[in-house]
């Protein structure tokens with residue numbers, strides 16, 4: 029059966045009768061569908077990371093009020109040409125005393141400690157070592173630090189995206205396997221002509237809509253308390269609907 033990925037996706041959403049026919053295909057095609065589907069769902073994750081980091085880095089690099097602030101890195105500790113413990117300007121705060129981190133409410137917070145710094149954004153935090161960016165005794169400005177952070181965060185994003193994708197696929201495979209076992213219980217009443225391998229392939233397509241819904245909830249920052257419940261209930265309902273389109277066992 030030659031069915032492209034777009035049709036598979038479409039059938040998984042609104043044509044359960046045709047989706048039920050995918051049970052007879054080779055399992056490799058279902059796995060390819062899952063890999064591509066999860067790759068597409070990685071895009072919102074990456075987009076959120078990029079937007080979040082870009083907003084914070086822009087606060088550092090485009091803020092003229094703090095561009096002349098100078099630091100000097102030495103192995104004995106960080107020094108700077110000021111005496112303030114906290115520098116606040118619009119949505120950016122630079123904190124030199126960790127105990128004061130909870131007293132600022134800016135969207136972007138840069139914590140500068142003796143040996144390392146941490147950039148806090150709306151969604152994430154990035155901890156970095158000065159020695160990985162600057163030589164001993166080297167002076168740098170906030171603008172130069174922002175440029176170094178850009179490269180540092182870019183590498184972290186690449187690694188994070190790869191790990192996120194691999195973990196997402198692994199978890200989804202486990203969920204599909206459990207759902208397929210649950211399909212046996214569903215099929216006791218339906219008595220459709222399917223085996224476990226076919227149930228597993230149908231489960232791949234049954235999780236399409238619930239996975240999209242859960243990903244949307246996670247990406248938009250909505251309340252995630254019931255996302256697991258939504259996924260499992262939705263997956264079992266759709267698997268039931270797909271199985272109902274499979275011919276019954278011959279008596």
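Residue numbers (the working numbering): 29 to 279.
The beta carbon of each residue, even a glycine, is placed where N, CA and C say it ideally should be.
Among the options, nearest to residue i - alpha-carbon criterion
i: residue 156; options: 129, 61, 174 and 236; result: 174
i: residue 148; options: 159, 142, 161 and 134; result: 134
i: residue 198; options: 67, 51, 78 and 178; result: 67
i: residue 267; options: 141, 191 and 215; result: 215
i: residue 107; options: 119, 71, 120 and 144; result: 144
i: residue 25; options: 125, 132, 35 and 130; result: No answer is possible for residue 25: it lies beyond the span of the chain, which begins at 29 and ends at 279.
i: residue 61; options: 250, 233, 246 and 278; result: 233
i: residue 119; options: 150, 58 and 32; result: 150
i: residue 100; options: 264, 167 and 89; result: 167
i: residue 190; options: 63, 246, 236 and 265; result: 63
i: residue 183; options: 58, 51, 74 and 30; result: 74
i: residue 227; options: 54, 111, 194 and 138; result: 54
i: residue 274; options: 116, 50 and 241; result: 50
i: residue 285; options: 88, 58 and 164; result: A query on residue 285 cannot be resolved here, the shown segment of the chain reaching from 29 to 279 and no further.
i: residue 225; options: 262, 56, 72 and 251; result: 56
i: residue 104; options: 159, 255, 206 and 180; result: 159
i: residue 265; options: 178, 88, 231 and 58; result: 231
i: residue 30; options: 42, 41 and 58; result: 58
i: residue 98; options: 86, 87 and 111; result: 111
Spatial distance of residue i from residue j (CA atoms)
i: residue 152; j: residue 81; result: 8 Å
i: residue 122; j: residue 269; result: 55 Å
i: residue 258; j: residue 238; result: 7 Å
i: residue 185; j: residue 248; result: 19 Å
i: residue 92; j: residue 170; result: 10 Å
i: residue 46; j: residue 223; result: 18 Å
i: residue 162; j: residue 142; result: 13 Å
i: residue 39; j: residue 84; result: 41 Å
i: residue 70; j: residue 76; result: 10 Å
i: residue 130; j: residue 114; result: 11 Å
i: residue 209; j: residue 79; result: 40 Å
i: residue 221; j: residue 154; result: 53 Å
i: residue 202; j: residue 44; result: 23 Å
i: residue 278; j: residue 219; result: 10 Å
i: residue 262; j: residue 254; result: 12 Å
i: residue 241; j: residue 65; result: 13 Å
i: residue 213; j: residue 37; result: 26 Å
Continuous beta strand (DSSP E) stretch holding residue i: start and end
i: residue 121; result: 120-123
In DSSP terms, what residue i is bridged to
i: residue 145; result: 140 and 156
i: residue 117; result: 120
i: residue 100; result: 107 and 167
i: residue 220; result: 276
Start and end residues, alpha helix (DSSP H) containing residue i
i: residue 247; result: 236-248
i: residue 90; result: Residue 90 -> no alpha helix (DSSP H), and no H or E assigned at all.
i: residue 268; result: 255-271
i: residue 281; result: Only positions 29 to 279 of the chain appear in this structure, which leaves residue 281 out of reach.
i: residue 49; result: Segment: none, residue 49 is in no alpha helix (DSSP H) and carries neither H nor E.
i: residue 36; result: 33-42
Residue-chain proximity (residue i, chain B), Cβ-Cβ < 7 Å
i: residue 195; result: In the structure shown, chain B cannot be found, because there is only a single protein chain.
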